[in-house]
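Just so you know, this note's numbering puts the end of the sequence shown at 1232, numbered straight through with nothing missing.
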Amino acid sequence: MSDIRPFDPSIPQEEVDRLFRKLADTRLPEIPIVPDAGDDYGPSLEWIKTLYNHWLHNFSWATAQQQISQWHHYTTTISSLQVHFIHERAHTRAETAIPLLLVHGWPGTFFEFQNVMAPLLAPSRASDPSFHLVVPSLPGFCWSQGPPRAWTLQDTAGMYDALMKKLGYQSYVVQAGDWGHWVARELGSGRFDACKAVHTNMCPGAPPDGYEMNEREKRAMDRAGWWMGERLNEGHMGYAIEMRTRPQTIGVAFNDNPVGIMMFIGEKYNELADPNTGTADLQNEQFNHDVCTTLSLYFFTPPSIMTSMLCYYNNVRHEVYTEFNAKEENLIRVPLGVSTFPYDAFPVPKAGAETTTRNLQFFKGTCGLAFLHEGHTDEREERDFGGHFAAMECPNEIVADVREFFGEHFKA
């Protein structure tokens, strides 16, 4: 562990001042792209101005900095790359705590786990497990060095397995969503003996041919179709097409452009969060703060807005997610838990999740009944809230599901 170095995530005040000067100096368009554009061409001009004014006038970086700096940050070198990560030992019952790797996606950062970390480290009930937490920044994100040509999420999985072992964890579990799901999928493939179980809040999978979906499952697949689009009809995929074809072009355009970052990243939070919780009209103050913190982190850590795009350039394309996950070599073989939320990009039915694993042990959420292990079904109400950014939007539910699943299925 000699090359594990403490890291100070503090942003110099002159950089903070520069961000707000650039925001203040920005000229937003006075009129939409066409009359009555609404949100047909991207987020509405009303939404744009609301988020812009919140970031400029109401957001407190000092509060965000305090939240970020409360944790122990480190860097180390693995596979010739600098890796940034948070490492926190459990605050209670450390001797029985479960080592848990938390993996974010795009446009997230390590900060998306801010709202779940404290309760996972120090549960209030004696019956709940506690966790040692490792929260890395993906290669190319924040203070993690950008990866070389052709680096994949499978390469990141190997890096993270090495990180966990370097920290002294010979067995561990993983929670992830978005692109982090594919890191977790690789770790849970059986190729990494130290990974004992995986929990995800995104798990693209198509029910098998001939399977008759119920109404909830149909709604879930309709949501996936609305977001992903059909081949050659990728209505929401413009951002992904740009990143998986010309990431440097658009990356340089945003590198020193806070409103550019706000539009490119903010659009995802606008479209993929639960609109019934004040996110769609920017009335949810906690969510607004978390989004503006994320925007600020991308601006403060150049060239991360550009290098973060390599996860799109080098990895599986949206239109073949389900086929990729169903391939024999990509199946999850360790115990898998899945939590779904109706406003996710891909709120998978249980029958779809089952096609991506040999070992589904827990399923809870939008499309079906929760079940804990074979032969035991726990009938619960459908989870009818929450979106793609589960740890930010629904921290209580993620914490509860993580405790329940790993408490049952972690075997050191």
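Cβ coordinates follow ideal geometry from the N, Cα and C atoms, glycine included.
Asked                                                                                                              : Found
Other residues of its chain near I824: CB distance less than 6 Å, five sequence neighbours each side excluded      : Y894 and T896
V1154 burial status per 10 Å Cβ neighbour count (16 or more: buried)                                               : buried
C-alpha distance - Q1181 paired with M1063, whole-angstrom precision                                               : 35 Å
Alpha carbon of Y872 to alpha carbon of M1082, nearest angstrom                                                    : 8 Å
Sub-9 Å separation of A884 and H1109 beta-carbons                                                                  : yes
Between the CA atoms of G1025 and F1166 - distance to the nearest angstrom                                         : 9 Å
Burial state of Q990 (16 or more Cβ within 10 Å)                                                                   : exposed
For H904, the first and last residue of its enclosing beta strand (DSSP E)                                         : L901 to E908
Exposed unless 16 or more other CB atoms sit within 10 angstroms - verdict on A1232                                : exposed
Exposure of V993, with buried meaning 16 or more beta-carbon neighbours within 10 Å                                : buried
Nearest-angstrom Cα separation, counted from A946 out to R1137                                                     : 43 Å
Spatial neighbours of V903 in its chain, beta-carbon cut-off 8 Å, leaving aside the 5 residues before and after    : T895, T896, T897, P956, S957, P959, S964, Q965, M979 and L983
When M1041, R1178 and C962 are compared against I831, the one with the closest alpha-carbon                        : C962
Contact set for F1144: own chain, Cβ-Cβ below 7 Å, skip 5 residues either direction                                : V1136 and N1150
Spatial distance of A996 from A910 (CA atoms)                                                                      : 19 Å
Inside the stretch 845 to 909 only - alpha helix (DSSP H) runs reaching at least 4 residues                        : 865 to 873 and 881 to 889
Touching by the beta-carbon criterion (3+ pairs, under 8 Å), the stretch 1205 to 1225 and the stretch 1087 to 1097 : yes
Residues sharing a beta bridge with T1020, DSSP                                                                    : A996 and V1158
Alpha helix (DSSP H) segments (min. 4 residues) lying fully within the stretch 951 to 1015                         : 973 to 986 and 1000 to 1007
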